[in-house]
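**Q** One structure is given below, represented as structure tokens, and several questions about it will come after.
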Amino acid sequence: MIPIEFFLMFAAILFVIGIYGIMTKNNAIVVLMCIEMVLNAANMNLVTFAAYNGAIMGQVFVLFTVAVAACEVAVGIAIMLNVYKVKKTTVIDDLTELRW
Amino acid sequence: MFIEYTWLIPAIPLVMFVLIGLFSRGEKNYGGAFAVLGALATLVISALVAYEFLTGDAYTTVGYVTESVKWFSIGGFEITLGYYVDGLTCLMLIFSTLISLLIFIYSLGYMDDQGKRKKRYYAEISLFLAGMTGLVISNNYLMMFVFWEVMGLCSYLLIGFWSFKHPEGDEASDKAASAAKKAFIVTRLGDASLMAGLFVLLYAFNTLDFVTLFDASIIETIDKNLLVIGTLLLFGGAIGKSAQFPLQDWLPDAMAGPTTVSALIHAATMVKAGVYLVARSFPLFTQSMEVMLVVGLIGGITAILAASMALVNDNIKQVLAFSTISQLGYMFMALGAGGYMFALGIAENDTALVALGALGYTAGVFHMFNHAFFKAQLFLGSGSVIHSTGTEDMREMGGLRHKMKSTSTTMLIGSLSIAGFPFFSGFWSKDLVLASVLDAGAYGPEGYVFAIVWIMGIITVFMTAFYMFRMWYMTFGGPEGPKTETCHGESPKSMTIPLWVLAIFAFASGFLLLFGLDGMITIDSNFLVGTLAGEGAIYWLEHMFLNPYTYLSIVLALGGIYIAYLMYGKFAANPGRFNREGTSWLYNALEKRWWFPQFYNWLSWTFGYGVGKAVNSFDKHVVDGAVNGVASVIVGSGEVGKRAQTGNVGNYTSVIMIGMAVIGATILLLAHFLGGM
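Protein chains in written order, with my numbering: chain W, 1 to 100; chain V, 1 to 677.
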């Protein structure tokens, strides 16, 4: 049986890559993708602990999370689409007018 | 049976106030009929209550009937709402509601030409009546204070009734507005003092209910100094409301309102409240001779000062206003003298002296009762004259006796009454007042003060007779003045009938003395003021006519009337000879009201305005500065803090991650050092 640490390490790496992407990437689409990676890292942990503890609820919960993530991406991409229509760009550094 | 419904007495005019104020639209009288009906209902209930009380058991045993419900409580202080009926209440209720009713009826004629504004007028006079009757039936000082303030408000509104549009033009309406403000502010000084007095009493007694406050056994346990302070402060309220020296100056100015309002203020309500306050608080006031000395002295000073100012005034209403102030001085004189002897009698355990003190109390209250009738009559009579001639200046009148027969005859009766002509009502009470003051002068170490007060009073008798008949002859006697020729003749029936009714009372109300008034005015069995039994006619006749000083005051009154007749009726003596054609300093002093208005102005401009400016700059710089300072600190820090918001998602994420890392590291460190995990 594969030890649990492998799965946890995998989730941690996935999380850190996602965070790195959010912090450094300038393209809104890429940032959205990175957010998905962070989310999936969390899902990974849920599935892992569910499997090792024999609690099926964790895996069911992940199904819901996936559904919610799909909606979230749909909304996110819709926003970016409209931003692009107005601003003709999806570069995050240029989208800072709403701060004050 | 009826006493349980005492609460209806102020409630009915209050309901009328609401009804007239909110719902009267377009009727011919704009609510006049409602106001009259309300006053009539109030009078009927008052009469029934008085009848039941005076024939009931409580009157001869405890001396009062009271009932209350809880209003609210603050800490340990319980404040109630209820009625307290005793002889004084009955007397006050009867004359104030009767006179108010007559004035309301008179108003139907007098205010007939005021159009839509009558609605406001009738609503306000109904509220005024509610204020007075509520004050009279109150069972504790706080409730009394509430109605006291209601009256203050009504007097302000009614004195300023013509402040928007005066029949005599803009200048007169400005005068009305400033007179209303003056009345409000000057009486406010007294009200502040009254309120302070209530705080002292509340502190001393833990309650403001009359039943507890007037209980002799409880009063004994209270610190005397506290009582002196409390009663002096209460008397300050009476000074303001009853226009006594040194706050007397608002009342003559208050003549800027309609004449009916003046009659209401002077005869039935408002200024009587101050006298009532002192009479009601008699058990507290009589705890100290010094307080009573102050009351008597203030009364004496006011009586002579106001009478002197009336000597030279040419405005028919202002003469009457000064005479009111002077007569109120008589009432306080009598209450002061009575209370002084009462207190001395208690201190020396001398029952005869206590009985004399009770007589002084009776005299003061009796004079208030009589004064209400003849003063209402005189004011309504002057209103009738003003209504007909369209002026208040007596120099433009004269010779009206042929054109206004009812008015001139009734005014003559009123003037004779106030001057103290024998057997008219003013004669009985005024001589009783003077006799009491003279009695007080003979007792105690400070008695000589009352001897001085008596001299002031006896001079005032002469002056009163003179200025009243000066007024009568200038208005009704002599040749016809310029405005007499253009006058409208006699006033309508709705005005002359109340005049006649009041004239009958002005003549006859004094005879009440002969039929057991002494028994009617009692406080309660702990503080027996009055003998309950009533002394009978013979006793009073002996009391009056075996006293040589009675004849002195009669002679003085007749002398005053005769001199007035010589000067203004027959023109045998030229008044100009006595004042060097208006150049003597005394004449100027009187004309300028002893410089009181100037003094008030000077005081308020130098001190009031200075204090106002200081407070204003404190408000502007300190209070506003603090508020604005706090605001600008917050705005400034926001300006600095907003730089942290870059709008860049990456930056936000970094901050969140750093924060998470710090929290995680802290938890790990804590777990490491504290153990656990």
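We put the beta carbon where it would ideally sit given N, CA and C, even for glycine.
Along chain W, which residues have their Cβ under 9 Å away from the Cβ of tyrosine 649 of chain V?
**A** Sequence check: residue 649 of chain V is valine here, not tyrosine. Correct list: Ile22, Met23, Ala28, Val31, Ile92, Leu95.
**Q** Three-state secondary structure (DSSP) at asparagine 82 of chain W?
**A** helix
**Q** With a threshold of 9 Å between beta carbons, is leucine 39 of chain W in contact with chain V?
**A** Not closer than 9 Å to any Cβ of chain V, the Cβ of leucine 39 of chain W fails to qualify, so no.
**Q** Within the 9 Å Cβ cut-off, does isoleucine 4 of chain W reach chain A?
**A** In the displayed structure, chain A is absent; the protein chains listed are W and V.
**Q** For phenylalanine 128 of chain V versus serine 138 of chain V, is the C-beta spacing smaller than 9 Å?
**A** no
**Q** When DSSP builds the beta bridges, which residues end up paired with threonine 80 of chain V?
**A** V/Lys70
**Q** Compare the Cα-Cα distances from valine 385 of chain V to each of V/Asp86, V/Phe17, V/Gly109 and report the closest residue.
**A** V/Gly109
**Q** Listed from N- to C-terminal order along the chain, which residues in the segment 631-660 of chain V have their beta-carbon within a distance smaller than 7 Å of any beta-carbon of chain W?
**A** Residues passing the 7 Å Cβ filter: Lys642, Gln645, Thr646, Gly647, Asn648, Val649, Gly650, Thr653, Ser654, Met657.
**Q** Let me know if glycine 160 of chain V comes out buried or exposed under the rule of 16 or more other beta-carbons within 10 Å of its beta-carbon.
**A** buried
**Q** Are the Cβ atoms of glycine 398 of chain V and methionine 474 of chain V separated by less than 9 Å?
**A** yes
**Q** Ignore the nearest five residues each way along the sequence and tell me which others in tyrosine 156 of chain V's own chain have a CB closer than 7 Å to its CB.
**A** Ala180, Ala183, Phe184
**Q** Taking any Cβ of chain V, which residues in the segment 57-89 of chain W have a Cβ under 9 Å from it, in chain order?
**A** none
**Q** Would you identify the three-state DSSP class for serine 138 of chain V, choosing helix, strand or coil?
**A** strand
**Q** Among the residues of its own chain, which have a CB less than 8 Å from the CB of methionine 37 of chain W, if the five just before and after it don't count?
**A** Leu14, Phe15, Ile17, Gly18, Gly21
**Q** Going by beta carbon distance, what residues of the same chain come within less than 7 Å of phenylalanine 374 of chain V, once the five residues before and after it are set aside?
**A** Cβ within range, chain order: Gly414, Ser417, Ile418, Ser425, Gly426, Ala506.
**Q** What would DSSP say about aspartate 209 of chain V, mapped onto helix, strand or coil?
**A** strand
**Q** Going by DSSP, which residues form a beta bridge with valine 85 of chain V?
**A** V/Val65
**Q** Under a CB-based cut-off of 9 Å, is isoleucine 17 of chain W close to chain V?
**A** no
**Q** Strictly under 9 Å for the Cβ-Cβ distance: is leucine 98 of chain W near chain V by that measure?
**A** yes
**Q** Can you say whether proline 13 of chain V is buried or exposed, counting buried as having 16 or more other CB atoms within 10 angstroms of its CB?
**A** buried
**Q** Just grab the DSSP bridge partners of aspartate 393 of chain V for me.
**A** V/Asn315
**Q** Once DSSP output is grouped into helix, strand and coil, what is the label at asparagine 648 of chain V?
**A** Correct three-state label for asparagine 648 of chain V: coil.
**Q** DSSP on asparagine 27 of chain W, reduced to helix/strand/coil?
**A** Strand.
**Q** Alpha carbon to alpha carbon, how far is valine 662 of chain V from threonine 48 of chain W? Give it in angstroms, no decimals.
**A** If I take the Cα positions, the gap works out to 26 Å.
**Q** Leaving aside the five residues before and after tryptophan 540 of chain V along the sequence, list all residues of the same chain whose C-beta is less than 7 Å from its C-beta, in chain order.
**A** Leu513, Leu514
**Q** Should isoleucine 125 of chain V and valine 261 of chain V be called a contact, given that it needs their Cβ atoms to be closer than 9 Å?
**A** yes
**Q** Using the C-alpha atoms, what's the distance from leucine 101 of chain V back to isoleucine 218 of chain V?
**A** 40 Å
**Q** Hey, quick one: how far does the alpha helix (DSSP H) through glutamate 52 of chain V stretch, first residue to last?
**A** 32-55
**Q** Suppose contacts are defined by Cβ-Cβ distances below 9 Å. Is histidine 266 of chain V in contact with methionine 331 of chain V by that definition?
**A** In this structure, the beta-carbon distance from histidine 266 of chain V to methionine 331 of chain V does not fall below 9 Å.
**Q** Tell me which residue opens and which closes the alpha helix (DSSP H) that leucine 227 of chain V is part of.
**A** Segment 224-241, the alpha helix (DSSP H) holding leucine 227 of chain V.
**Q** By the 10 Å Cβ neighbour count, where 16 or more other Cβ atoms means buried, how is lysine 493 of chain V classified, buried or exposed?
**A** exposed
**Q** Find out if the Cβ-Cβ distance for the pair leucine 233 of chain V, valine 200 of chain V is shorter than 9 Å.
**A** yes
**Q** Per DSSP, which one or two residues make a beta bridge with valine 91 of chain W?
**A** Within the DSSP bridge table, the entry for valine 91 of chain W names W/Asn27 as partners.
**Q** Between the beta-carbon of glycine 381 of chain V and the beta-carbon of glycine 357 of chain V, is there less than 9 Å?
**A** no
**Q** Taking the alpha carbon of alanine 310 of chain V as the reference point, which residue from V/Ser326, V/Thr231, V/Val295 has its own alpha carbon closest?
**A** The shortest C-alpha separation from alanine 310 of chain V is found at V/Ser326.
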